[in-house]
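In our numbering, the protein residues as written are 659 to 755.
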């Protein structure tokens with residue numbers, strides 16, 4: 659998309675929104691970036707694409723929100739024969755597909 663044109667500039671309102679919400683990178687993403695040639699640039703391009711689509715669905719925010727919920731669920735509850743955490747993880751994966 660913009661990579662083909664060489665245009666990586668974000669509109670000012672999107673840049674401000676992205677800058678106001680710093681989030682830590684997941685370890686798996688850090689590992690992937692370190693292994694890929696031009697990993698940092700690729701990550702910035704993916705972040706740009708996600709930001710452009712965030713008005714419809716902010717997948718990054720959904721991931722962080724679901725991670726927070728998963729961390730807060732105790733293992734002792736059961737839903738439909740499996741742990742609450744397993745159930746919620748399965749539902750989360752379905753929503754992200």
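For each residue, glycine too, the CB sits at the ideal point set by N, CA and C.
Given the structure is predicted, the values throughout are model-derived calculations rather than measurements.
Residue i classed as buried or exposed, judged by whether at least 16 other C-beta atoms fall within 10 angstroms
i           : result
residue 706 : buried
Contact belief for residue i with residue j at Cβ below 8 Å, rounded distance in angstroms
i           : j           : result
residue 757 : residue 691 : Because the chain is modelled from 659 through 755, residue 757 falls outside the range shown and cannot be assessed.
Of the residues the options, the one placed nearest residue i, counting alpha carbons only
i           : options            : result
residue 725 : 708, 747, 714      : 747
residue 741 : 753, 728, 751      : 728
residue 682 : 721, 730, 743, 744 : 721
Close-in-space but distant-in-sequence residues of the same chain around residue i (CB under 8 Å, 5 per side omitted)
i           : result
residue 700 : 691, 694
Spatial neighbours of residue i in its chain, beta-carbon cut-off 7 Å, leaving aside the 5 residues before and after
i           : result
residue 731 : 742, 743, 746
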